[in-house]
Amino acid sequence: MTEVKTGDTVAIHYTGTLKDGTTFDSSEGRDPLSFQVGSGQIIPGLDSALPGMTVGEKKTVEVDCQDAYGPMNPAMRQAVPREGIPAEIPLDLGTQLQMQTPEGQAVPVTVVEVTETEVTLDANHPLAGQDLTFDIELVSIG
Numbered sequence: 098m099t100e101v102k103t104g105d106t107v108a109i110h111y112t113g114t115l116k117d118g119t120t121f122d123s124s125e126g127r128d129p130l131s132f133q134v135g136s137g138q139i140i141p142g143l144d145s146a147l148p149g150m151t152v153g154e155k156k157t158v159e160v161d162c163q164d165a166y167g168p169m170n171p172a173m174r175q176a177v178p179r180e181g182i183p184a185e186i187p188l189d190l191g192t193q194l195q196m197q198t199p200e201g202q203a204v205p206v207t208v209v210e211v212t213e214t215e216v217t218l219d220a221n222h223p224l225a226g227q228d229l230t231f232d233i234e235l236v237s238i239g
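Residues 98 to 239 (the numbering used here) are what the sequence shown spells out, left to right.
Laid out in structure tokens, this is it:
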């Protein structure tokens, strides 16, 4: 039976859950996710679990935050003066906005705190600092 090796293009079905069991992403009802193993197209902790798998095999993979989206980086949170944000921009907690770096690069941020004078924006990946669990099934190799 053919086993996955680094460099192979594979297709997997997956369900990703948080420690509390909440599903954050799944391929259910969609085409399987296709990518090249070892190419950096998916998080390292999931990528490294694939070599040695065979078509039809299922596995549960625990991925530490270090091998997922990294730890929460406090330097990526920034408080900005509320008056510097146009009134038409919604500032509800959890709202996703885009900021621009001085170089003009778009950076997605999330509103994480709002006071009368400041809005705190977080540029960390929404899953930063989270340990993740993936239930995966290898659909194809090649």
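A virtual CB, placed ideally from N, CA and C, is assigned to each residue, including glycine.
Quantities reported herein were computed from a predicted structural model and do not represent experimental measurements.
Checking the DSSP bridge columns, you'll see Y111 partnered with I233.
For D122, the uninterrupted beta strand (DSSP E) run begins and ends at 120-123, by DSSP.
In this structure, the alpha-carbon of Q197 lies about 25 Å from that of Q138.
In this structure, the alpha-carbon of P187 lies about 35 Å from that of P129.
In the structure shown, the three-state DSSP call for R174 is strand. For D219, the enclosing beta strand (DSSP E) stretches over residues 215-219.
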